[in-house]
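Each remark here refers to the structure printed beneath this line.
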Ligand code: PEP
Ligand code: MN
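In the numbering used here, the protein residues as written are 41 to 305.
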């Protein structure tokens with residue numbers, strides 16, 4: 041898979057160096073999405089906005105995302121802020137709808153990466169689609185082969201703008217992390233696929249706001265190609281992942297900080 045493209049050559053990424061992806065865990069209302077994204081783009085130059093509209097929640101009864109309606113909000117956000125946007129897709133219908141409404145980059149969530157049937161369905165929906173970048177999160181379980189297999193399936197559909205997203209791994213043991221980083225596993229993937237851009241998601245690794253900075257710093261020290269940080273205008277009242285989202289102001293501080301300091305851990 042030597043012809044996987046570097047981030048700089050992706051159609052939506054204009055700058056080199058580590059990229060920043062930010063936005064709320066979930067799109068909740070058009071106003072919340074627009075306001076959060078506007079604040080983010082005013083605070084700091086980021087590369088790509090993120091927001092989930094199909095949310096894989098652990099148990100039923102939580103907010104499961106606004107669905108297709110959110111794609112119309114995305115179109116308005118893109119137009120008003122002149123920024124590309126990414127969202128999670130978990131089946132063929134999501135892929136078709138996201139592409140129809142002009143989503144710029146797709147991402148595949150950790151709960152989808154574990155399932156080869158799901159990944160193959162997504163890959164089949166991507167066959168013949170030109171130039172849409174796809175970011176593939178690690179599976180929730182610490183299995184590098186499964187992660188690589190998902191990347192191979194998407195590559196097999198003809199996609200060459202592919203990135204991995206390291207979001208940590210589930211563990212029964214209680215640790216300070218929501219999902220244990222097990223950095224060695226991400227490094228193992230990078231060793232097997234040296235051309236693959238690797239982005240770190242400190243939000244789902246950390247699970248709490250105070251861990252976002254140290255995890256981000258560690259990723260930058262390990263030469264990750266970018267960070268995806270959940271950012272909300274009012275994190276405490278977010279409809280999903282409230283404890284790990286940061287404000288746009290804090291996002292700006294974290295991004296400034298990681299570029300200038302090297303961690304000692
Ligand atoms: C998310 O990014 O909001 C998300 C659901 O992530 P993950 O698949 O890593 O749990
Ligand atoms: Mn989330």
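Think of the CB as a built atom: it goes at the ideal place given N, C-alpha and C, for glycine as much as any other residue.
Every value quoted in this text rests on a predicted model; they were computed, and no experiment measured them.
- It is roughly 10 Å from the alpha-carbon of residue 116 to the alpha-carbon of residue 110.
- Residues of the same chain with a CB within less than 8 Å of the CB of residue 188, apart from the 5 flanking positions on each side, are 229, 232 and 233 in chain order.
- With three or more CB-CB distances shorter than 8 Å, the stretch 205-222 counts as touching the stretch 248-258.
- Below 8 Å, enough C-beta pairs join the stretch 62-71 and the stretch 82-101 to call them touching: three or more.
- Per DSSP, reduced to three states, the secondary structure at residue 80 is helical.
- When the Cα atoms are used, residue 142 and residue 127 turn out to be separated by approximately 11 Å.
- In its chain, beyond the 5 residues on either side, 240 have a beta carbon closer than 6 Å to the beta carbon of residue 259.
- Secondary structure note for residue 260: its alpha helix (DSSP H) is the uninterrupted segment 252-261.
- In this structure the stretch 99-108 does not lie against the stretch 145-162, because fewer than three pairs of beta carbons, one per stretch, are closer than 8 Å.
- In terms of side-chain proximity, the C-beta atom of residue 240 is found no nearer than 6 Å to any non-hydrogen atom of the ligand MN.
- Pairwise C-beta distances place the stretch 282-300 out of contact with the stretch 97-104, as fewer than three of them are shorter than 8 Å.
- Listed as beta-bridge partners of residue 209 by DSSP are 220.
- For residue 87, the closest of 283, 53, 155 and 274 by C-alpha to C-alpha distance is 53.
- Between the beta-carbon of residue 208 and that of residue 245 there is about 4 Å, and that keeps the pair under the 8 Å contact cut.
- Taking the Cα of residue 200 as reference, the smallest distance to any Cα among 176, 135 and 186 is reached at 176.
- Put simply, of 156, 114 and 73 the residue whose alpha carbon is nearest the alpha carbon of residue 140 is 114.
- Checking the 6 Å criterion, the Cβ of residue 77 is out of range of every heavy atom belonging to the ligand MN.
- In the DSSP annotation of this structure, residue 167 is not part of any beta strand (DSSP E), being labelled neither H nor E.
- It is roughly 10 Å from the alpha-carbon of residue 77 to the alpha-carbon of residue 67.
- Residue state for residue 174 is assigned as strand, using DSSP reduced to three classes.
- Taken atom to atom, the span from the alpha-carbon of residue 192 to that of residue 59 is near 24 Å.
- Scanning 195, 174 and 221 for the CA closest to the CA of residue 183 turns up 221.
- Per DSSP, reduced to three states, the secondary structure at residue 129 is coil, with no helix or strand assignment.
- In the DSSP assignment, residue 186 falls outside any beta strand (DSSP E) and lies within the alpha helix (DSSP H) extending over 184-196.
- By the beta-carbon neighbour count (other beta carbons within 10 angstroms, threshold 16), residue 157 is exposed.
- When the five nearest sequence neighbours on each side are left out, the beta carbons in the same chain lying within less than 6 Å of the beta carbon of residue 84 are those of 292 and 295, in order along the chain.
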